[in-house]
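Taking this note's numbering, I'd label the letters of the sequence shown as residues 1 to 296.
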Amino acid sequence: MLKSICDDLYQRLLAELSISIQGVDEEFTRLSKHLPVIKKYHQMVRLNILERGFKDEKEEIYFFKNIKPKFLSVKIFTVERYNIEQSKPVGTWPKQLEFYENEIEDINRFYRRYAFIYQYYRAGLSELDESYFIRGKEVASIFAYEVDEIFLEFSTWGDYIFSRFRACEMLQEFILEQIKCGSLAAEHKLADAFQSKPLNWTGESINLVELGYGLFDSGQLNNGKAGVNEIFKWLEEHFNISIGIPARRFVEIKRRKRLSRTRFLDNLRESVNRKIEEDEEYNPEKQQSRRNRQDN
């Protein structure tokens, strides 16, 4: 009976939290809308328990070990998420990533600090349940500060730290999701930065015919298996130019008499050689190496 009532309240809590922040992106607004809802359902659970009580110690243990931590962890997670988002540095992704990694380490440090009880929580053990989850029981003072002294009738030595463990797991999932989203965004931004811009062929189209046939006849593409039409279609699409029928344009090249039939390719060769010579003129080491070869 108790479990079904509290499970229903918990589902209503989650649903109302989801509805309360529809269209809300600002973290403070999210927090201000969440906290009153959480408080309302916490009070409903508390009043229900104080009015009806527990039928036995087994039910009391189950409540403080499993039910109360579900509700309290939502509040802890909500506040801690807000603190994380408010503390996140403004700047580059590497700085934010370092911040998130430090938050993960803080959570792991908390686990290590309470390693014994955390292992008890993770393993689902029950040997110490009567000490941790029955009100008024005395245990080691390591958990004393976790008990809300104002509401001793609604607190045990273990329910808060179990709530804290649940909230930390929720925070880990949240932080890891932020890291994943941030990393993907950074990768896309980097890819966009290096994404090539469209290039248009602004020279004469006949020059591209020389280049196309040069690539075809020398077997530079697809291990020499790319066809003429395939090559020229690719050139037209990527350079945004209409070449026409390749065979007919090649006739234009064959008809050249006075000038070189491959004047564009010849110009390319001359341009590359000229660039090499200019670089060597401004490179003392290469000049010295060339003089040494001449001397020998």
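Built from N, CA and C at the ideal position, the CB exists for glycine as well.
Alpha carbon to alpha carbon, what distance is there between Ile179 and Glu252?
Linking Glu252 to Ile179 through their CA atoms gives a straight-line distance of about 60 Å.
Secondary structure of Ala123, DSSP reduced to three states:
Note: Ala123 maps to helix in three-state DSSP.
Taking C-beta to C-beta, are Ile206 and Phe216 nearer than 7 Å?
Judged by their CB atoms, Ile206 and Phe216 are not nearer to each other than the 7 Å cut-off.
Specify the secondary structure class of Arg112 as computed by DSSP and reduced to three states.
Helix.
Buried or exposed for Ala15, please, with buried defined as at least 16 other CB atoms from any protein chain shown within 10 angstroms of its CB.
The residue is exposed, with fewer than 16 neighbouring Cβ atoms inside 10 Å.
So what's Ile150 in DSSP terms, helix, strand or just coil?
Unreliable positioning characterises Ile150 in this predicted model, as indicated by a pLDDT of 41, which lies under 50. The coordinate reading is nonetheless provided below. Secondary structure at Ile150: helix, using DSSP grouped into helix, strand and coil.
Write down the C-beta distance between Ile175 and Leu208 rounded to the nearest angstrom, noting that I regard them as a contact closer than 8 Å.
Not really, about 53 Å apart at Cβ, beyond 8 Å.
Local Cβ density within 10 Å of Arg52, reported as buried at 16 or more and exposed below that
By the 10 Å Cβ count, Arg52 comes out exposed.
Leaving out the 5 sequence neighbours to the left and right, which residues in its chain are closer than 6 Å to Tyr111 when beta-carbon positions are compared?
The answer, listed in chain order, is Tyr118.
Pick from Val79, Asn223, Asn48 that is closest to Ala167, judged by C-alpha positions
Of the candidates Val79, Asn223, Asn48, the one whose C-alpha sits nearest the C-alpha of Ala167 is Val79.
Going by DSSP in three states, Ile245 sits in which element: helix, strand or coil?
Of the three classes helix, strand and coil, the one that applies to Ile245 here is coil, per DSSP.
Compare the Cα-Cα distances from Gly212 to each of Gln11, Thr262, Pro198, Ala123 and report the closest residue.
Ranking the options by Cα distance to Gly212, first place goes to Thr262.
Looking at C-alpha atoms only, which residue of Ser131, Arg109, His238 is the closest neighbour of Gly158?
Looking at the Cα atoms, Ser131 is the closest of the given residues.
What is the residue span of the alpha helix (DSSP H) that Gly378 lies within?
Given a span of 1 to 296 for the chain in the structure shown, any question on residue 378 remains unanswerable.
Would you decide whether His238 is buried or exposed? Buried here means 16 or more other CB atoms lie within 10 Å of its CB.
Around the beta carbon of His238, fewer than 16 other beta carbons sit within 10 angstroms, so the residue counts as exposed.
So is Ser163 buried or exposed if we call it buried at 16+ other beta carbons inside 10 Å?
Buried, by the Cβ-count rule.
Apart from the five residues on each side of it in sequence, which residues of its chain come closer than 8 Å, Cβ to Cβ, to Glu60?
Hits under 8 Å: Phe54, Phe133, Ile134, Arg135.
Just to confirm, are Leu17 and His34 a CB contact at a threshold of 7 Å?
Contact flag set, yes.
How far does the alpha helix (DSSP H) with Ala15 in it extend, from its first residue to its last?
Here the alpha helix (DSSP H) through Ala15 covers 2-20.
According to the neighbour-count rule (16 or more other Cβ atoms, all chains shown, within 10 Å of its Cβ), is Pro198 buried or exposed?
When all chains shown are included, Pro198 counts as exposed.
Would you decide whether Tyr145 is buried or exposed? Buried here means 16 or more other CB atoms lie within 10 Å of its CB.
In this predicted model, Tyr145 has a pLDDT of only 44, less than 50, meaning its place in the structure is not dependable; the value taken from the coordinates is given anyway. So Tyr145 ends up on the exposed side.
Specify the secondary structure class of Asn229 as computed by DSSP and reduced to three states.
Here Asn229 sits in helix by DSSP.
Assigned exposure category for Lys225 - 16 Cβ within 10 Å defines buried
Classification for Lys225: exposed.
With 16 other CB atoms within 10 Å as the buried threshold, where does Leu72 fall?
Result: buried.
Kindly indicate which three-state DSSP category Val24 falls into: helix, strand or coil?
Coil.
Excluding sequence positions up to five away, which residues of its chain have a Cβ less than 6 Å from the Cβ of Ile67?
Spatial neighbours of Ile67 in its own chain (CB-CB distance under 6 Å, excluding positions within 5 residues in sequence) are listed in chain order as Cys6.
Helix, strand or coil: how does DSSP classify Glu280 here?
DSSP places Glu280 within a helical segment (H, G or I) once states are collapsed to three.
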